[in-house]
Every structure is written in structure tokens, then in C-alpha cells.
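Here the structure is laid out as C-alpha cells; the discussion comes afterwards.
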Amino acid sequence: MMGALPRAQRCCTTGLQVTRVSRLPRAKRQAWNVCSTLTTERPPTTDTSEEKPAAPTKELPVYHSGTSKPRVVVLGSGWGAMSFLKSLPRDAAESIDLTLISPRNYFLYTPLLPAVATGTVEERSIVEPVRRVLKKKGKYFEAICNDIDPVERSLVACFPPEAGLDEACFKVPYDMLVLAVGSSNNTFGIKGVEDHCFFFRSITNANELRRRVSECFERAALPQSTSEERKKLLSFVVVGGGPTGVEVAAELHDMVRDDLVKVYPDLIKDVRIRVIELMDHVLSTYDRAISDYTANEFSRGAIELVLNSRVAGVRKGEVDVINTTTNTTEVIPFGACVWSTGVAMHPLIKKLQGKLPGGTQTHFRSIVTDEYLRVIGSEGTIFSIGDAATIAQGKALAKAKDLFWEADKDGNGVLSLGELRDMLRAHSREYSHFAEHARFLDGKYGASRWGGMVASAVSRGKKPVDAVVGELTEDTALEEDQFRDLLEKIDRGLRALPATAQVAKQQGEFLAALLGKGAVRQGSQIPADAKPFKYSHKGSLAYVGSDKAVMDVPTVGPIFGWGAGLMWKGFETYSQISFRNIFLVSLDWIRTKIFGRDISRV
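FYI, in the UniProt record's numbering the residues of the sequence shown are 1 to 602.
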């Protein structure tokens, strides 16, 4: 993202995501995994006749640009890829043969998807054609990468099958490959999610939700609809209390309060919006004061928070929710259920992991890179950015004893939170994941954000857990074994960087600068003057409804209310990728304020 305060907590969506075919019935869409295999696989036949010899493999055409320049191929059209293209110096682009491959021929400004789902902002306002961004820097192919051969240094791509046209696959050789394919939806293996929930990663997802909300209100307005049917149809469930889930709930609330109440006055009393969250507060990656403020705003706006709860299963019109505290199960009816929690490894990344040298790629969610974003095991020819990647980190637990006694400045055998924070800061260069935790320990609100983790670590100590949580101060003490437990928790949850647009943007800019230094030459080493990638967290923000927002700004602290709402709206406007988008989004804000949202279903 651009600007002084990039948005942090978004899931970073790219063009090479797993999509579902919108033209098929909803229940059948999950069958289309457009990035999973090189060719269409057929189910085994039950024919017991003599097996026929396999047909010869069709030779795929190979794309050659006719130049001897180093071949750079970029996969994806999301935050990482577009940031890379926009930041790539013109002279660097002229020195390479650049090819962009993605099944989505536009960049999508994902943070405003919730606004699109309710008609606050129109979909065309937050998309920009890839070819406009690419301009004269390279070639673009609308295709899906199905396979990568890291030994041969080539990939196979095919035109998207959902277009209904003849199959068209081709091979593309490369000297440098940039993976910016993002991630996939994570259902955690919960039955029924794929069939009955709306994911929230694309324009198609936003439009599907917009249509469903309209359909629910129109169906509830029919004369034969019973009271029970109306309550079910007008029950909207959002699974996931992160920024996306919070903003979807907030936008739905605004649409009901500002627009639908005027055309469905008799139905508004039956509307319920619920957010299901596994933890005991929403926006768990933000300052705890922000989480509390959001909860208060939601309670005033009649948005219900179902906390300490997990989804056990989803059926048509119903979701089973288990309270993790009481272990009781509740069945919540719904007209629409939005799934906005968790990311999973992209199928292409999983396939590539199996082709790299054994033991080099074992991460369950991302492909592992070094500090220069080179994929480990690829001999420096493949780079990965955004959700698809995680940077290898040294684990601190192995040095727990040394770190403890170094941090214990007064030599009393225990660490205060102040000593712990100082240690995390001092070693954040060696263990970059320390930096984020050190920030959370800054000030009063930072200490409270660490309550759960620290309390868990000291649970074996002399004080009961509840007492420790309630008395977190600079004097709270950690013994050595408790410190080891805390480091283990930090290492175990290690994903060097969050899966956000802010991270992907910075990585794209870094890689463009690295390429400008000559890192693309086949077999060359990283330039001696190149510094490793270092993420700079600018802050996090989220819309919470009624023209209010929350902001978590480093060194400043939490900001919330109408003032934050104005800053949020201004930031989301001026962070657009082009002046055209800035202009269109600005007009949408004005249009919505004056004329309201368009609630028609087209």
C-alpha cells in the first residue's frame, strides 16, 4: 500500500488464487480447482476390458520473446506483483525480458471489498487493469500456472478453463521466477464450509454476498414468509473476528441502518448480525484497547459478538458453534454466512515444495525463503513474496539460557516485563520476529496485549493465572523456565511476517530494487551492497461502522472514533494504485453519502 500508514491486517489477495466458477451452481463450484493440476484429471473408469496404450503426450508450445535478455517471469497480479512492477526502474525493465502471468487481468484493492459487498463503493472503482500497470515494461498473459520445473527452469501455464474456450497451454522458460500467487482459503477441514459459506477474497465473492443479502430481504418480504423464516433469512453470520470480518459486519450494519430500513421498515426488527471469534476479543492482532473499543461500538450498533467459540460444522442455513469455555454447542441459523478466517497454502506452492530438494521446504503454509526472498533449495532462481512466502528465521529457544541471563540486568534471577522488552528489542535484528512482540510491550496497552501469552507462560509460577493477568506491570517477573516457555510459544507461532498487503507491498518494492542492482543475472550472487529485506510496520487500521474506525499506530498508540474514521477513509482513497481509482473511490464516498447505497440486484 502507499502512503504514511499502510494497512496492515489484510489478507493479501493475488491473481493466482483458487477460484470457484461463478457460472456453476454454488454447490458444484468447489470442484473447479483451477491451479491444482497440469491437465484435467478424470475419475478412474470401471471398464474391465483390456487396457489401451496411453496416448502420446502432446508437445506444448514454448514461448520465446526472441531476445537474449535475462528472462524474468512474475506469477500473480496482487499486491506483491503490482508493487514489484510499479517500483521496477525503467532502465532495469529494459535490461530484462519481463513476463507477467495471472488468470486475473486486473489488480484488486482488497481492503475495500467489504464496501463493495454493500454497495458503498462500486467494484470498478477498486480495480485497475494489469496492462495499464505493466505498460511497456513487459508482456502479460492471462493464464494459470499449473506446474513449475525448478530443474529445467520452466513453467506450464494454461488459459483459464472457466472461460469455456478451447484449452490453450504453453511452456515458459525463465532465468528468474517471482512467485506472488498468494494463498488459498482455509476451511480447517470443517464440513460444509465450502458448500454453504461465502469466502471473501475476490470481486466475485463480494458480489455474491451482495446478491445474497438482497435475496434474503426480498424473500423475507413475501406474504407467506413466517416469523421464523424471516428471522433465519435476516440472520447474517461472519466467521472470523479479524479486520476483514469486523469490516464486513460493520458495512452490513451500516447498509441496514442507513438504507434498508427505508425500504424494508417492517423487517429491520428481525435482522441480526453476529461475528464468531475463537478468542475472547476481536481484532486480536491490534492493541487491546482497540479490541475493547470495537466491542463497545458493536454492542451499541446491535452487532453481536460470539466469542470463545469455534465452528464445528456448517449446513444449509445453519452453523454449529461450540463455546470453548463451557464446551456447549449452539446452532445458529443464517441467511448468509461469511467465512473470513485463516489462509492455507496455495496448491501451486505445495506442488513446488515437493520438487525442491528434500528437507528444504517443510513449512505447512508457505514456501520458505532466505532474507533476500530467494526460495531455499531453488539455487537462487526463484523468489517469493507476499502470502506465498515466509522468511526463514533462527529460533531463539536454543539460546534461551544465554538470552535470559543477558536480559536479567539486576541479576535477581527473574525478568520484569521491562527487561523482557529490552531483550526483545536488542535481539530483533537477529530474530526479526522479536520486533513485533517488543512493540506490544510498549506502554500500558502493550502490556495488556501480552496478557494471555505471558499468563500462560507463568502459569506454573507461584501466582495464579488470573492474578498475573490482572496485575501485568513493569514489575511482573518471569523465572528462567517460564521465560523458556514464552520463547517456545513465540518460536512455535513463528511466521516471520503477517500475511498482509503491507508486507507484500514492501517485499515487491525490495525485490524491484534488488533486481535493479543486477540480481537477475543467471547464476549470479546477490550484489555485495544489497541489504536483507527488513519489514517496517507502519500501523493497522479497520472500519468499525457508523463512520468510525480504529487505528493502531506505532509510537502513537491506539486511535479510534470519528476522527480515525476520516483518516481511514482518506487513507483508503489515496492508497489506490492509480489516480483514476482515487477519483472513482472519492466519487463513491460522496454518492453514498448523498444518495445512499444502490440496493438493487442486477
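All C-beta atoms, glycine included, are put in the ideal place defined by N, C-alpha and C.
- If only complete runs of 3 or more residues are kept, the segment 329 to 356 shows the beta strand (DSSP E) at 329 to 333 and 336 to 339, in order along the chain.
- Taking each of Met82, Thr118 and Val343 in turn and checking the Cα distance to glutamate 509, the smallest one comes out for Met82.
- Inclusion of glutamate 123 and tyrosine 543 in the CB contact set at 8 Å is not warranted, their separation being larger than that value.
- By the criterion of a C-beta distance shorter than 6 Å, isoleucine 303 is surrounded in its chain by Ala249, His253 and Ile273, once the five residues flanking it on both sides are discounted.
- Under the criterion of beta carbons closer than 8 Å, valine 172 and tyrosine 63 qualify as touching, at roughly 5 Å.
- With fewer than 16 other Cβ atoms from the protein chains shown falling within 10 Å of its own Cβ, glutamine 525 counts as exposed.
- In this structure, leucine 478 sits near leucine 415, with a CB-CB distance shorter than 8 Å.
- Of Arg71, Thr244 and Val550, the smallest CA-CA separation from leucine 98 is found for Arg71.
- Out of His281, Pro532, His196 and Lys505, the CA that lies nearest to the CA of serine 87 is found in Lys505.
- Straight through space, the alpha carbons of glycine 386 and threonine 369 are spaced by roughly 11 Å.
- Sixteen is the threshold: since fewer than 16 other Cβ atoms of the shown chains lie within 10 Å of the Cβ of tryptophan 405, the residue is exposed.
- Pairwise C-beta distances place the segment 313 to 323 in contact with the segment 331 to 344, as three or more of them are shorter than 8 Å.
- Every alpha helix (DSSP H) of 4 residues or more that sits fully in the segment 156 to 232 is shown, in chain order, as 193 to 196 and 203 to 220.
- When only Cα atoms are considered, histidine 281 and valine 133 end up about 39 Å apart.
- For glutamate 128, the enclosing beta strand (DSSP E) stretches over residues 127 to 129.
- Following the DSSP letters along the chain, one finds proline 558 in no alpha helix (DSSP H) but inside the beta strand (DSSP E) bounded by residues 557 to 561.
- Cβ-Cβ distances below 7 Å link alanine 336 to Phe198, Leu209, Arg212, Val213, Cys216 and Phe236 in the same chain, with the five nearest sequence neighbours on each side left out; the list follows chain order.
- In the DSSP assignment, alanine 389 forms a beta bridge with Ile367.
- Residue Ser65 holds the alpha-carbon nearest to the alpha-carbon of tyrosine 174 among Ser65, Ala220 and Gln353.
- In this structure, valine 271 sits away from glycine 241, with a CB-CB distance that is not shorter than 8 Å.
- For isoleucine 96, no beta strand (DSSP E) encloses it, and the DSSP letter there is neither H nor E.
- Nearest to serine 540 by alpha-carbon distance, out of Val338, Ile577 and Phe571, is Phe571.
- Taken in chain order, the complete alpha helix (DSSP H) segments of 4 residues or longer contained in the segment 563 to 599 are 579 to 595.
- Linking asparagine 327 to alanine 530 through their CA atoms gives a straight-line distance of about 53 Å.
- Beta bridge pairing from DSSP links methionine 551 with Leu541 and Ile559.
- C-alpha of serine 183 to C-alpha of leucine 100: approximately 18 Å in a straight line.
- Counting only runs of 3+ residues, the beta strand (DSSP E) found wholly inside the segment 235 to 295 occupies 235 to 239 and 272 to 276, in chain order.
- In its chain, beyond the 5 residues on either side, Leu155 and Leu352 have a beta carbon closer than 6 Å to the beta carbon of isoleucine 148.
- In the structure shown, serine 299 adopts helical secondary structure according to DSSP, grouped into three states.
- Comparing alpha-carbon positions, the option among Asp408, Gly301 and Gly377 lying closest to leucine 424 turns out to be Asp408.
- Under a 10 Å Cβ-count criterion, alanine 117 is classified as buried, with 16 or more other Cβ atoms of the shown protein chains found around its own Cβ.
- Per DSSP, reduced to three states, the secondary structure at serine 83 is helical.
- Following the DSSP letters along the chain, one finds leucine 478 in no alpha helix (DSSP H), marked with neither H nor E.
- When the alpha-carbon of arginine 288 is set against those of Arg580, Ile599, Ser384 and Val553, the nearest one is in Val553.
- DSSP places aspartate 529 in the coil class of the three-state scheme, outside both helix and strand.
- If you look at glutamate 59, you'll find it isn't in any beta strand (DSSP E); DSSP assigns it neither H nor E.
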